[in-house]
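Peer 1:
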Amino acid sequence: METEIKRKVSLTGDIKFTGLRLKEPMHTSAGLLGVKEALRHTFKEMGIMRSMRTLLEMNQEDGFRCPSCAWPVPEHPSKIAEYCENGAKALADEATLEHVDADFFAEHSVEELSMLSDFELNKLGRVVEPMVLQPNSVHYEPITWQDALELISEKLHNLKDPNEAIFYTSGRSSNEAAYLYGMFARAFGTNNMPDCSNMCHESSGVALSETLGIGKGSVKLDDLYGAEVILVVGQNPGTNHPRMLSALEKCKKNGGKIISINPLAETGLVNFKNPQSISDMLGNGQPIADIHLPVKINEDIALAKLILKKLVALDAKNNNVLDHEFIVEYVDGYDDLLKDLDHYDMESLQRRSGVYMRKIDKVVELLAENSKIVICWAMGITQHKNAVECIKEYVNILLLKGAVGKPFAGTCPVRGHSNVQGDRSVGIMHYVNKTLNENIQKHLNFDPPTEKGYDTVEAIEAMHEEKAKVFVCLGGNFLMAASDTQYTAEAIQNCDLTVQISTKLNRSHLVTGKTALLLPTFGRSEKDEKNGELQFLTMESSTGKVRQSKGLLQPASEHIKSEPEIIALLAHTYFRGNHSMNWYELGQDYNLIRKLIDKTVKGFENTSEQSKGFGYYLPNNVRNRDFRMLPNGMAQLSITSLPDHQLEPDELLLMTIRSHDQFNTTIYGLNDRYRGIHNERRVVFMNEEDMVEKGLSQLDVINLHSNYDGIRRMAEKFLVVTYEIPKGNLAAYFPETNMLVPHNHFADKSQTPISKSIKVSVEKIPRT
Numbered sequence: 011m012e013t014e015i016k017r018k019v020s021l022t023g024d025i026k027f028t029g030l031r032l033k034e035p036m037h038t039s040a041g042l043l044g045v046k047e048a049l050r051h052t053f054k055e056m057g058i059m060r061s062m063r064t065l066l067e068m069n070q071e072d073g074f075r076c077p078s079c080a081w082p083v084p085e086h087p088s089k090i091a092e093y094c095e096n097g098a099k100a101l102a103d104e105a106t107l108e109h110v111d112a113d114f115f116a117e118h119s120v121e122e123l124s125m126l127s128d129f130e131l132n133k134l135g136r137v138v139e140p141m142v143l144q145p146n147s148v149h150y151e152p153i154t155w156q157d158a159l160e161l162i163s164e165k166l167h168n169l170k171d172p173n174e175a176i177f178y179t180s181g182r183s184s185n186e187a188a189y190l191y192g193m194f195a196r197a198f199g200t201n202n203m204p205d206c207s208n209m210c211h212e213s214s215g216v217a218l219s220e221t222l223g224i225g226k227g228s229v230k231l232d233d234l235y236g237a238e239v240i241l242v243v244g245q246n247p248g249t250n251h252p253r254m255l256s257a258l259e260k261c262k263k264n265g266g267k268i269i270s271i272n273p274l275a276e277t278g279l280v281n282f283k284n285p286q287s288i289s290d291m292l293g294n295g296q297p298i299a300d301i302h303l304p305v306k307i308n309e310d311i312a313l314a315k316l317i318l319k320k321l322v323a324l325d326a327k328n329n330n331v332l333d334h335e336f337i338v339e340y341v342d343g344y345d346d347l348l349k350d351l352d353h354y355d356m357e358s359l360q361r362r363s364g365v366y367m368r369k370i371d372k373v374v375e376l377l378a379e380n381s382k383i384v385i386c387w388a389m390g391i392t393q394h395k396n397a398v399e400c401i402k403e404y405v406n407i408l409l410l411k412g413a414v415g416k417p418f419a420g421t422c423p424v425r426g427h428s429n430v431q432g433d434r435s436v437g438i439m440h441y442v443n444k445t446l447n448e449n450i451q452k453h454l455n456f457d458p459p460t461e462k463g464y465d466t467v468e469a470i471e472a473m474h475e476e477k478a479k480v481f482v483c484l485g486g487n488f489l490m491a492a493s494d495t496q497y498t499a500e501a502i503q504n505c506d507l508t509v510q511i512s513t514k515l516n517r518s519h520l521v522t523g524k525t526a527l528l529l530p531t532f533g534r535s536e537k538d539e540k541n542g543e544l545q546f547l548t549m550e551s552s553t554g555k556v557r558q559s560k561g562l563l564q565p566a567s568e569h570i571k572s573e574p575e576i577i578a579l580l581a582h583t584y585f586r587g588n589h590s591m592n593w594y595e596l597g598q599d600y601n602l603i604r605k606l607i608d609k610t611v612k613g614f615e616n617t618s619e620q621s622k623g624f625g626y627y628l629p630n631n632v633r634n635r636d637f638r639m640l641p642n643g644m645a646q647l648s649i650t651s652l653p654d655h656q657l658e659p660d661e662l663l664l665m666t667i668r669s670h671d672q673f674n675t676t677i678y679g680l681n682d683r684y685r686g687i688h689n690e691r692r693v694v695f696m697n698e699e700d701m702v703e704k705g706l707s708q709l710d711v712i713n714l715h716s717n718y719d720g721i722r723r724m725a726e727k728f729l730v731v732t733y734e735i736p737k738g739n740l741a742a743y744f745p746e747t748n749m750l751v752p753h754n755h756f757a758d759k760s761q762t763p764i765s766k767s768i769k770v771s772v773e774k775i776p777r778t
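In the working numbering, the protein residues as written are 11 to 778.
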């Protein structure tokens with residue numbers, strides 16, 4: 011009998027400093043430097059001519075959708091630059107000419123590769139052939155596609171219960187791939203479909219569903235252009251959604267006001283030089299945020315309650331600040347909300363928020379005088395214990411102002427990955443949707459499971475407890491995206507089989523189950539031809555618009571397959587062709603997939619045609635002020651509570667953040683130039699007063715510790731950097747600090763990790 015080798019892999023790589031260079035934080039985003047950086051990345055990875063040709067097609071009418079964020083494309087995009095710096099980096103990252111093949115894996119073991127940093131792993135390039143990691147090996151070996159599919163099928167057939175399998179989805183996949191994936195999971199017999207949205211905007215979905223009746227935002231892109239006031243809350247668009255700055259700039263030029271609410275004053279909201287505008291590029295740019303409220307971490311409810319109290323007080327004087335007509339006709343809970351606000355005094359709320367009262371008064375004045383209000387938010391709001399209530403408190407402001415269901419007003423949760431919203435729309439969900447199940451029975455002719463499946467937190471716990479044996483990932487870097495890195499790694503290693511459908515190498519391919527498959531797939535920019543016909547895919551933007559995406563580059567290898575084809579072939583292999591759905595045929599003609607989506611998924615109609623050009627909007631009840639599905643048929647005001655973190659005397663609150671050179675867990679480079687950080691990621695941003703109290707100086711080396719439920723977690727070796735951040739608060743990059751987030755502490759109702767408010771202590775260590 012062969013002995014199984016216990017693979018010794020690192021979760022962090024070799025922890026070392028890379029040569030920090032500190033500069034002053036920048037005051038202007040984008041501009042010529044942004045263009046230069048975008049071209050530098052693409053030219054280096056793709057070559058000059060290939061880069062220019064491909065960039066010109068990104069986000070164009072007959073081109074391909076940006077593989078980065080989910081910000082919508084305008085009706086009349088720039089013909090030369092409808093992309094941002096980070097979109098160009100994402101393109102360069104997936105279309106790189108570098109690659110790793112069987113010879114590479116024969117030379118480098120997973121143990122050896124795991125000593126590289128996440129940045130170094132990503133730079134190795136595209137995976138260009140299917141690989142298998144056997145239980146008795148530390149080296150990936152080549153495997154044929156058919157053998158890989160047979161291996162997965164055999165493992166699935168051998169499970170005692172379908173719920174021993176978990177099917178995870180990243181937001182990079184298309185509607186077609188996600189739909190097939192979700193239908194295969196159901197046909198197999200499980201609703202275990204955790205999704206990357208569980209870790210980011212699940213809180214938004216819950217809060218909006220309970221207050222407005224749909225788990226999506228209500229605004230269209232044009233609504234931002236004509237808004238009188240836009241609140242950008244817990245969000246850094248300059249780095250995470252840079253094309254959003256163009257919409258904010260249009261709002262400003264139309265007379266609108268922008269309010270930034272965030273512990274950090276981010277460069278993108280200070281000043282913006284639009285690369286599409288010659289006057290911007292040659293001039294001083296456009297100031298974006300008229301007012302910045304540097305709220306303390308997770309004190310947004312205190313701030314929002316204070317704003318509400320002041321609006322109510324002003325309304326009591328002249329009765330025209332709040333939209334009473336709207337409230338009477340469409341809103342439930344007004345009297346209860348007023349009674350709740352009476353329990354709080356303004357001075358206490360102001361102290362908790364950490365924001366000067368005079369600044370808050372300026373915001374209240376703008377909100378009192380205007381009703382075309384949009385509130386945008388991202389993970390700075392969604393990743394707290396009280397995230398759902400926090401979002402609801404901001405919705406309270408909109409409802410009292412009648413700022414939903416009309417032009418230039420409403421909710422705008424800004425999604426991260428390019429199709430994370432579409433994945434959910436077409437059926438990637440761990441809960442049971444009765445209407446979808448009925449449509450599956452009617453049109454697909456099989457009975458889907460009727461019991462709730464695992465979300466991300468539950469999936470990790472199930473694997474850790476060895477209740478789940480097979481873990482399949484459609485894209486993503488699950489290990490580094492999830493909280494509690496050590497616990498998650500142990501969970502994954504308990505599986506009999508892990509399957510990664512990916513474009514590039516990442517740490518989730520090195521920390522695996524006993525057997526692991528690495529199945530290479532197309533990038534968004536690559537041409538997908540089946541039987542001589544060019545196929546296209548569809549995605550859904552943050553504002554609910556579905557549109558086509560057509561790649562134009564030759565695939566990285568003749569040995570890789572598209573996501574829809576991989577899923578279809580897996581289902582065909584598993585069912586041996588004996589199923590009500592013709593899986594093989596679906597993998598060869600994506601129009602057939604879209605016809606099934608149209609039949610089974612609410613809101614999709616004639617998608618193959620309607621998604622042409624710049625696509626079509628899915629139905630949204632809020633836009634029509636239709637709240638019939640909610641209690642009393644009305645939008646719901648919410649009673650919320652202030653957070654209670656119960657900090658120990660030596661503890662601070664840490665929020666995890668992205669650098670400007672990363673997207674989600676993908677690290678493009680080592681710079682965060684907007685914040686003045688160059689050539690380093692292991693930094694902690696700290697208030698100068700906190701540094702003095704802790705006996706720390708600039709560039710001291712510290713370890714970070716979190717202590718939950720008696721379990722002490724540590725993130726090693728970070729440099730302290732003085733920064734303008736509220737006292738008592740810290741910020742550091744993820745995924746390096748995800749190991750501090752306990753897996754069993756998450757947002758109420760949504761179970762989203764508490765990555766933006768982690769209780770930590772700091773330990774000064776010698777610099778070596």
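Beta carbons are placed, not taken as given, at the ideal position from N, Cα and C, and that holds for glycine.
What is the DSSP secondary structure of Val398, counted as helix, strand or coil?
Peer 2: Note: Val398 maps to helix in three-state DSSP.
Peer 1: With Arg425 as the anchor, note down where its beta strand (DSSP E) starts and where it stops.
Peer 2: Counting along the chain, Arg425 falls outside any beta strand (DSSP E), and DSSP gives it neither H nor E.
Peer 1: Can you give the beta carbon distance from Thr141 to Ile438, rounded, assuming they're within the 8 Å contact cut?
Peer 2: The amino acid at residue 141 is misidentified as Thr; the sequence shows Met. About 26 Å; that fails the 8 Å criterion.
Peer 1: Rounded to the nearest angstrom, what separates Leu544 and Ile450 at their Cα positions?
Peer 2: Roughly 28 Å between the two C-alpha positions.
Peer 1: Where does the unbroken alpha helix (DSSP H) through Leu628 begin, and where does it stop?
Peer 2: Leu628 -> no alpha helix (DSSP H), and no H or E assigned at all.
Peer 1: Considering only residues of the same chain and omitting the five flanking positions on each side of Met724, which have a CB-CB separation below 6 Å?
Peer 2: The residues are Asn713, His715.
Peer 1: Which residue spans inside the stretch 416-486 form an unbroken beta strand (DSSP E) run of at least 3?
Peer 2: With a minimum length of 3 residues, the continuous beta strand (DSSP E) runs that stay inside the stretch 416-486 are 420-423, 480-484.
Peer 1: By how many angstroms is the C-alpha of Cys386 removed from the C-alpha of Asp494?
Peer 2: One C-alpha to the other measures close to 28 Å.
Peer 1: As a quick exercise: from Phe27, Ile577, Val772, pick the residue whose alpha carbon is nearest that of Cys483.
Peer 2: Nearest of Phe27, Ile577, Val772 to Cys483, Cα basis: Ile577.
Peer 1: Measuring only the C-alpha atoms, how far is Leu107 from Arg63?
Peer 2: Leu107 and Arg63: Cα-Cα distance of roughly 15 Å.
Peer 1: Can the beta-carbon of Met490 be found closer than 9 Å to that of Asp103?
Peer 2: Not a contact, by the Cβ cut-off of 9 Å.
Peer 1: Quick one: what's got a C-beta closer than 7 Å to Thr200's C-beta in the same chain, skipping five residues either side?
Peer 2: Here the set comprises Pro172, Asn173, Ala175, Pro459, Gly463.
Peer 1: Which first and last residues belong to the beta strand (DSSP E) in which His715 is found?
Peer 2: Where His715 is concerned, the enclosing beta strand (DSSP E) stretches over 711-718.
Peer 1: With distances taken between CB atoms, is the gap from Arg60 to Leu563 smaller than 9 Å?
Peer 2: Going by C-beta atoms, Arg60 is nearer than 9 Å to Leu563.
Peer 1: Helix or strand or just coil, what does DSSP make of Glu12?
Peer 2: Since pLDDT at Glu12 reaches only 35, below the 50 mark, its modelled position is unreliable, and the value read off the structure follows with that caveat. It is coil, neither helix nor strand.
Peer 1: With burial defined as no fewer than 16 other Cβ atoms inside 10 Å of the residue's Cβ, what is the status of Met639: buried or exposed?
Peer 2: When all chains shown are included, Met639 counts as exposed.
Peer 1: Whole alpha helix (DSSP H) runs in the stretch 588-658 with 4 or more residues, listed along the chain?
Peer 2: You should have 593-596, 600-610, 617-620.
Peer 1: Using 10 angstroms around the beta-carbon of Val338, count the other beta-carbons present and answer buried if the total reaches 16, otherwise exposed.
Peer 2: Exposed is the call here.
Peer 1: If you draw a straight line from the C-alpha of Gln558 to the C-alpha of Asn264, how long is it?
Peer 2: Straight-line Cα distance between these residues: approximately 31 Å.
Peer 1: Taking the beta strand (DSSP E) that Gln510 belongs to, which residues open and close that run?
Peer 2: Segment 507-512, the beta strand (DSSP E) holding Gln510.
Peer 1: Using 10 angstroms around the beta-carbon of Pro659, count the other beta-carbons present and answer buried if the total reaches 16, otherwise exposed.
Peer 2: It counts as exposed.
Peer 1: Just how far apart, CA to CA, sit Ile721 and Arg75?
Peer 2: Taking the straight line from one Cα to the other gives about 43 Å.
Peer 1: Based on Cα-Cα distance, which residue from Arg604, Val424, Ala312 lies nearest to Ile370?
Peer 2: That would be Ala312, whose Cα lies nearest to the Cα of Ile370.
Peer 1: Does any residue of chain B bring its CB to less than 9 Å from the CB of Lys402?
Peer 2: Among the chains in the structure shown there is no chain B, since it carries only a single protein chain.
Peer 1: So for Ser765, helix, strand or coil by DSSP?
Peer 2: Reduced to three states, the DSSP call for Ser765 is coil.
Peer 1: May I have the straight-line CA-CA distance separating Pro285 from Leu42, to the nearest angstrom?
Peer 2: Rounded to whole angstroms, Pro285 to Leu42 spans 7 Å at the Cα level.
Peer 1: From which residue to which residue does the beta strand (DSSP E) around Ile268 run?
Peer 2: That run of the beta strand (DSSP E) goes 267-271.
Peer 1: Would you identify the three-state DSSP class for Glu238, choosing helix, strand or coil?
Peer 2: Of the three classes helix, strand and coil, the one that applies to Glu238 here is coil, per DSSP.
Peer 1: Where does Leu579 land, buried or exposed, given buried means 16+ other C-beta within 10 angstroms?
Peer 2: So Leu579 ends up on the buried side.
Peer 1: Of all the options Phe481, Lys571, Asn69, Arg17, which has the alpha carbon lying nearest to the alpha carbon of Tyr178?
Peer 2: Considering only alpha carbons, the answer is Phe481.
Peer 1: Looking at Pro745 and His755, is the spacing between their C-beta atoms short of 9 Å?
Peer 2: Cβ distance not < 9 Å, so His755 and Pro745 don't count as in contact.
Peer 1: Is DSSP giving Lys263 helix, strand or coil here?
Peer 2: The answer is helix: DSSP assigns Lys263 an H, G or I state.
Peer 1: Count the other CB atoms within 10 Å of the CB of Ile58; is the residue buried (16 or more) or exposed (fewer)?
Peer 2: The residue in question, Ile58, is exposed, as its Cβ has fewer than 16 Cβ neighbours within 10 Å.
Peer 1: For Lys622, collect the residues of the same chain with a Cβ closer than 7 Å to its Cβ; drop the 5 residues on either side in sequence, then sort them by chain order.
Peer 2: For Lys622, where only same-chain residues beyond five positions count, the Cβ hits under 7 Å are Gln558.
Peer 1: Run the CB neighbour count on Glu14, radius 10 Å, all protein chains shown included, and call it buried at 16 or more, exposed below.
Peer 2: At Glu14, the pLDDT of 42 sits below 50, so the modelled position is not reliable and the matter cannot be decided from this model.
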